[in-house]
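Encoded as structure tokens, the structure appears first; notes follow it.
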Amino acid sequence: KIKQPVTVEQTTFTINNVIDINKSIDDGKYIYISYTIKNDSDKDFPTDALNNFCITIDGKVIPYDVRTNVYGLQKIKDYSTDFTVPAHGEASNYIGFVIPEGTKSFDMGYYATGNNNDKSNVVLCTITPDDYVSAPDGMMK
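Structure, rendered in structure tokens:
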């Protein structure tokens, strides 16, 4: 569930918010997932937008969308392309997706790969439109 931390080995993943920034394009609308990852290991934990995050809509995997990255860098304060979580530290960031208009629900997936890139553990959270929030004050540039 949103705001419920899930721990896999030495990694804790939390979805803070699902943000509808009210930007639509021909093939859908932009949403951003605000998340926090805590790393309790003694090694930096590199994550990757393409390999560690995905959403699934009606059984179809929708990967991270580079267009949301470009928009995020231009329009979202504190948006970062650095996904590394320091040893014994945590990092918060956004990950963007383009979803079809009218999507009723989707599963947000985070692969807790740790330092060995093992994708056997995935944290899933089902998101519905009731979970969306508007961009909080101060989020946008």
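Residue numbers for the sequence shown follow our numbering, so the first one is 22 and each next one is one higher.
Beta carbons are placed, not taken as given, at the ideal position from N, Cα and C, and that holds for glycine.
Being a predicted model, the structure only gives us computed values, none of them experimental.
In the DSSP assignment, residue 89 falls within the unbroken alpha helix (DSSP H) covering 87-96. Between residue 84 and residue 75, the gap from beta carbon to beta carbon is short of 7 Å. Taking a cut-off of 8 Å for Cβ pairs, the stretch 143-162 and the stretch 97-104 touch, as three or more such pairs fall below it. CA-CA distance, residue 86 to residue 63, rounds to 31 Å.
One alpha carbon belongs to residue 127, the other to residue 24, and they sit about 17 Å apart. When C-alpha distances from residue 145 are compared across 79, 132, 70, the shortest belongs to 132. Apart from sequence neighbours up to five positions away, the residues of its chain that approach residue 107 with a beta-carbon distance below 6 Å are 65, ordered along the chain.
Using a C-beta cut-off of 8 Å, the stretch 26-33 makes no contact with the stretch 41-56, since fewer than three inter-stretch Cβ pairs fall below that distance.
Going by beta carbons, residue 93 and residue 130 fall outside the 7 Å limit. Setting aside the 5 residues that flank it on each side, residue 147 is surrounded in the same chain by 126, 128, each with a C-beta closer than 7 Å to its C-beta; the list follows chain order. Collapsing the DSSP output to three states places residue 107 in coil.
Secondary structure note for residue 124: it is in no beta strand (DSSP E), with a DSSP letter that is neither H nor E.
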